[in-house]
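These notes are about the structure you will find just below.
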Amino acid sequence: MAESDFNVLEHDLVPEHHLMSEEEAEQKLSELNITKDQLPKIRKGDACIRLLEKIHGPIPEGSIIRIVRRSATAGSFEIYRLVIKEVKR
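Heads up: the sequence shown begins at 50 in the working numbering, then just goes up one per residue.
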């Protein structure tokens with residue numbers, strides 16, 4: 050199976066990933082009283098980001114991704130990640 054045939058976001062162990070608009074991101078940062086650089090990071094080369102780019106087009110560095118995790122014991126909760134550049138090896 051080619052990489053492009055597999056949708057990582059449909060895997061049971063991968064939480065939902067959503068690209069936030071600038072307005073949504075600014076509102077959430079304000080609610081949390083934090084700045085973008087205080088968020089955990091996610092690289093542009095991450096499989097979920099690459100898939101989101103196929104849906105939304107290029108995702109610029111500095112964008113914020115909302116990740117929704119669900120569990121039978123904890124219910125549902127959201128975390129946020131800041132998109133950063135891919136490290137060239």
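Ideal Cβ placement from N, Cα and C applies to all residues, glycine included. Note that the structure is predicted; figures quoted are calculated from it, not measured.
Specify whether the region 97-111 and the region 121-133 touch according to this definition: at least 3 beta carbon pairs, one from each stretch, less than 8 angstroms apart.
As far as the Cβ criterion goes, the region 97-111 touches the region 121-133, which means the pair count is three or higher.
Using beta-carbon positions only, say whether Val117 and Glu71 come within less than 8 angstroms of one another.
Not in contact: Val117 and Glu71 (Cβ atoms no closer than 8 angstroms).
With a threshold of 6 angstroms on Cβ separation, who are the neighbours of His105 within its own chain once the five nearest residues in sequence on each side are excluded?
So the qualifying residues of the chain are Leu68.
What's the call for Ser79, buried or exposed, on a 16-neighbour Cβ count within 10 Å?
Exposed.
Here's a check: name, in chain order, each residue in its chain whose Cβ is nearer than 7 angstroms to the Cβ of Arg115, leaving out the five neighbours to either side.
Excluding residues within five positions, the ones whose Cβ falls inside 7 angstroms are His67, Met69, Glu127 and Tyr129.
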